[in-house]
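Structure, as structure tokens:
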Amino acid sequence: MNVRTKDALHIACSVYSKSDYLITVDKKLFNLKLNDIRIISPLVFINEIEK
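Residues in the sequence shown are numbered from 48 upward in steps of one, following the numbering used here.
Below you can see the structure in the form of structure tokens.
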């Protein structure tokens with residue numbers, strides 16, 4: 048996946064815990080396409096839950 052070890056651990060923990068979202072400000076992670084989890088910024092997350 049070409050991500051740093053610490054980022055990969057965060058992603059793995061999120062997937063393992065069956066999270067719906069991984070909220071981050073790391074722009075490199077936004078381009079990852081995963082079936083199990085959605086990687087989004089805090090602002091996008093807030094906008095989604097306020098709907």
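Each residue gets a CB set at the ideal place from its N, CA and C atoms; glycine is no exception.
Computed from a prediction, not measured in an experiment: that's the story for all the values here.
When you compare each of the options to residue i by their alpha carbons, which one comes out closest?
| i | options | result |
| --- | --- | --- |
| LYS75 | ASN82, VAL62, LYS65, ILE58 | ILE58 |
| ILE70 | PRO89, ILE93, MET48, VAL50 | PRO89 |
| ASN82 | ILE93, ARG51, VAL91, LYS65 | LYS65 |
| ARG51 | TYR68, ASP73, PHE92 | ASP73 |
To the nearest angstrom, report how far apart residue i and residue j are at their CA atoms.
| i | j | result |
| --- | --- | --- |
| ILE87 | ILE96 | 12 Å |
| ASP54 | LYS98 | 29 Å |
| ARG85 | VAL62 | 10 Å |
Using the DSSP secondary-structure output, state which residues sit across from residue i in a beta bridge.
| i | result |
| --- | --- |
| ARG51 | The partner list for ARG51 (beta bridge, DSSP) is empty, contrary to what the question assumes. |
| ILE70 | ILE87 |
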